[in-house]
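Protein chains in written order, with our numbering: chain A, 96 to 382; chain G, 11 to 198. Don't be surprised by glycine CBs; every beta carbon is placed ideally from N, CA and C. For reference, the structure is listed below as structure tokens.
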Amino acid sequence: MRRLLLTHPKLNPYRFSPNSTFRYVTSSFRHLPHFLIIGGSKSGKHSVLSYLNQHPDIKSGTKHNVGVYYFDSTFKYKSLSWYKSHFPSKFSKFKIIGEASGTYLNHPLAPERIKKTLPQAKLINFFRNPIDRAYSAYNHSIIRGWEHSSFEVAIESEIERINLMNDNPELIINNVDSVNYLQFSYLRHGHYASNLENWFKHFKKNQFMHFSTEDLDQNYDEIMNSLFVFFNLSKIYLKKEDRKNIGVGKGKYPSMNEKTRDFLIDYYKPHNEKLYNLIGKKFDWDK
Amino acid sequence: MNKFNKIINYEFFKEYTPSTKKFNYSENNENSFRIWDPFENTLSAAVVCGLELIPINKNSSLLCIGDLEPNSYLNLLDLVENKQKIFCLTKTSSSIFQQENLFQFDNLDEIKTKFSVIYVNNYEYTYEFIQNITKSFLNSGGYLLIPLLKSSINFDDIFKKLSHDFQIIQEANIELYFRNTSLLVCKS
Numbered sequence: 096m097r098r099l100l101l102t103h104p105k106l107n108p109y110r111f112s113p114n115s116t117f118r119y120v121t122s123s124f125r126h127l128p129h130f131l132i133i134g135g136s137k138s139g140k141h142s143v144l145s146y147l148n149q150h151p152d153i154k155s156g157t158k159h160n161v162g163v164y165y166f167d168s169t170f171k172y173k174s175l176s177w178y179k180s181h182f183p184s185k186f187s188k189f190k191i192i193g194e195a196s197g198t199y200l201n202h203p204l205a206p207e208r209i210k211k212t213l214p215q216a217k218l219i220n221f222f223r224n225p226i227d228r229a230y231s232a233y234n235h236s237i238i239r240g241w242e243h244s245s246f247e248v249a250i251e252s253e254i255e256r257i258n259l260m261n262d263n264p265e266l267i268i269n270n271v272d273s274v275n276y277l278q279f280s281y282l283r284h285g286h287y288a289s290n291l292e293n294w295f296k297h298f299k300k301n302q303f304m305h306f307s308t309e310d311l312d313q314n315y316d317e318i319m320n321s322l323f324v325f326f327n328l329s330k331i332y333l334k335k336e337d338r339k340n341i342g343v344g345k346g347k348y349p350s351m352n353e354k355t356r357d358f359l360i361d362y363y364k365p366h367n368e369k370l371y372n373l374i375g376k377k378f379d380w381d382k
Numbered sequence: 011m012n013k014f015n016k017i018i019n020y021e022f023f024k025e026y027t028p029s030t031k032k033f034n035y036s037e038n039n040e041n042s043f044r045i046w047d048p049f050e051n052t053l054s055a056a057v058v059c060g061l062e063l064i065p066i067n068k069n070s071s072l073l074c075i076g077d078l079e080p081n082s083y084l085n086l087l088d089l090v091e092n093k094q095k096i097f098c099l100t101k102t103s104s105s106i107f108q109q110e111n112l113f114q115f116d117n118l119d120e121i122k123t124k125f126s127v128i129y130v131n132n133y134e135y136t137y138e139f140i141q142n143i144t145k146s147f148l149n150s151g152g153y154l155l156i157p158l159l160k161s162s163i164n165f166d167d168i169f170k171k172l173s174h175d176f177q178i179i180q181e182a183n184i185e186l187y188f189r190n191t192s193l194l195v196c197k198s
């Protein structure tokens, strides 16, 4: 009986908590998010949300995390009530609610799912130099014990996988919701333009705002206030904050091999050009 | 119409599960997909956990080393559309080996051909064993699918040697179903 209870996904007593049950029961009185930070992963979500939360009318992120990752990894298993249970109630002081799940941008099914659930949502992208983003994601996987190859071997493997899948489409496993699909896409998460094109099929361009993570340190005030205006809120004076969630785990990692960086600059050049044309903004990434 | 060897997400009782079309599919049979049960073997777990590509199709010749559940053999037969012979090195007898394209062996000396894919569903091996089987039985450009126990004291050593001798296509993390385990897809 004990084994049955412990292994059952709904009856397991350790999954029960008064707080989550209360939130679930009151989910119909809770907000759905007004904005989503959809990309990218390893691109400064924690810092952005920390700035946004300085505004008295905004509540972004959840109690334990910056995002819920509902529309990619848990969509099949969890209900909309579960998703709503993460957000403040409609009686709270907050007018604008949001979350940041940086993997939505890359997920092929996320735009369609979000369009059905949150058709009017405002969508924000923070694009980080894809080379630094890939290296950061790789180091994240190393710390978690998911990856054991060197960075060079890992990207070589990914390029080989991309080539194999292009040459032999019948070998592709159609299982996009699995976690590994997101974990081992160091390079493909940086194909911002091709990922964004999928979103533009479902949402109008005026629902988006795009920034670069590199600008955040210098122009945080300008970026955040343009977001407040985007949300129809008043501008405020923002306090400068240190970047959040950097080097969590084993501290700062060693810098990238110069040859690898040069290779990746060439690799990403066409993808970056495509992005600049798509959003009408240019970032200083090609060096 | 889905092809036989294509793994898709098929809806069973409102749950989507990676599945393949059964090779013995008939038009009257509605339940014509076979699910990949991640608890059965490391390859099924990797398919569920996000293996991006599986290098087995109707032209693949396959050598399986280690015990598998009967359903897992059928999964592999689905992938080769029951058109290729699958050689299984196992000492466990089962009625599944009455299938026309499944051949059971209990000694590697009995096998005389080379294969395009070798799948090892066994943790108890040494690197010398891997070298021997790949040298003797794997075509050049063929694939080796092998689970690695990350908590093993030999892990770093075997991983380094594998990375040196093969190109690692993907290291699929299957910890959800097999504790501390990755499945490596290597190309020779």
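Check	Outcome
is_contact[Gly152/G, chain B] using C-beta, thresh 9 Å	In summary, chain B is missing from the structure at hand, where the protein chains are A and G.
Three-pair Cβ contact test at 8 Å for the stretch 164-178 of chain A versus the stretch 144-153 of chain A	no
Cα-Cα separation, Ser126/G to Leu259/A	15 Å
Bounding residues of the alpha helix (DSSP H) (the contiguous stretch that carries Phe189/A)	No alpha helix (DSSP H) holds Phe189/A; DSSP gives it neither H nor E.
Nearest candidate by alpha-carbon position, reference Leu127/A, set Leu144/A, Asn224/A, Lys211/A	Lys211/A
Endpoints, alpha helix (DSSP H) assigned at Glu247/A	246-262
Chain-ordered chain A contacts of Ser173/G [CB-CB under 7 Å]	Ser244, Val248
Spatial distance of Ser321/A from Ser112/A (CA atoms)	39 Å
Closer than 9 Å to chain A by CB, Glu91/G	no
CB contact check: Gln1/G to chain A, cutoff 9 Å	No answer is possible for residue 1/G: the residues shown for chain G start at 11 and end at 198.
Residues that Arg208/A contacts on chain G, provided the C-beta gap is smaller than 9 Å	Those within 9 Å of Arg208/A in chain G number zero; the least Cβ separation is about 13 Å.
Min CB distance Lys124/G to chain A below 9 Å	no
Supposed close pair Gln177/G, Glu253/A - CB separation, criterion 8 Å	Their Cβ separation, rounded to whole angstroms, is 12 Å, which puts Gln177/G and Glu253/A out of contact at 8 Å.
Identity of the residue in Arg125/A, Ile209/A, Thr198/A nearest Phe186/A by Cα	Arg125/A
Buried versus exposed call for Tyr153/G [16 or more other C-beta atoms within 10 Å across all chains shown]	buried
Residue from Glu91/G, Thr100/G, Lys160/G with nearest C-alpha to Arg44/G	Glu91/G
Buried versus exposed, by CB contacts within 10 Å (16 or more), Arg118/A	buried
Complete alpha helix (DSSP H) runs within the stretch 75-128 of chain G (minimum length 4 residues, chain order)	80-89
Bridge partners - Asn220/A, DSSP secondary structure assignment	Gly134/A, His305/A
Under 9 Å between C-beta atoms of Leu131/A and Leu204/A	no
First through last residue of the beta strand (DSSP E) which encompasses Val195/G	191-197
Option nearest Tyr348/A by Cα separation, candidates Ile191/A, His235/A, Gly156/A, Ile318/A	His235/A
Spatially closest choice to Ile121/G from Gln108/G, Asp175/G, Ile106/G, Lys95/G, by CA coordinates	Lys95/G
Cβ contact check for the stretch 102-110 of chain G and the stretch 130-149 of chain G: 3 or more pairs under 8 Å	no
Extent of the continuous beta strand (DSSP E) to which Tyr153/G belongs	148-159
Short CB-CB distance (under 9 Å) between Glu62/G and chain A	yes
Best match in Asn314/A, Asp272/A, Ser184/A for proximity to Arg208/A [C-alpha to C-alpha]	Asp272/A
Check whether Asn201/A and Arg283/A have beta carbons under 9 Å apart	yes
Contact with chain A by Gln177/G, beta-carbon distance below 9 Å	yes
Delimiting residues of the alpha helix (DSSP H) encompassing Arg228/A	225-239
Other residues of its chain near Leu159/G: CB distance less than 7 Å, five sequence neighbours each side excluded	Tyr133, Phe165, Asn190, Thr191
Collapsed DSSP secondary structure at Phe278/A in the structure displayed	It is Gln, not Phe, that sits at residue 278/A in the sequence shown. Gln278/A: helix per DSSP, three-state reduction.
Proximity to Gln302/A [Cα-Cα], best of Ala288/A, Tyr281/A, Phe326/A, Glu309/A	Phe326/A
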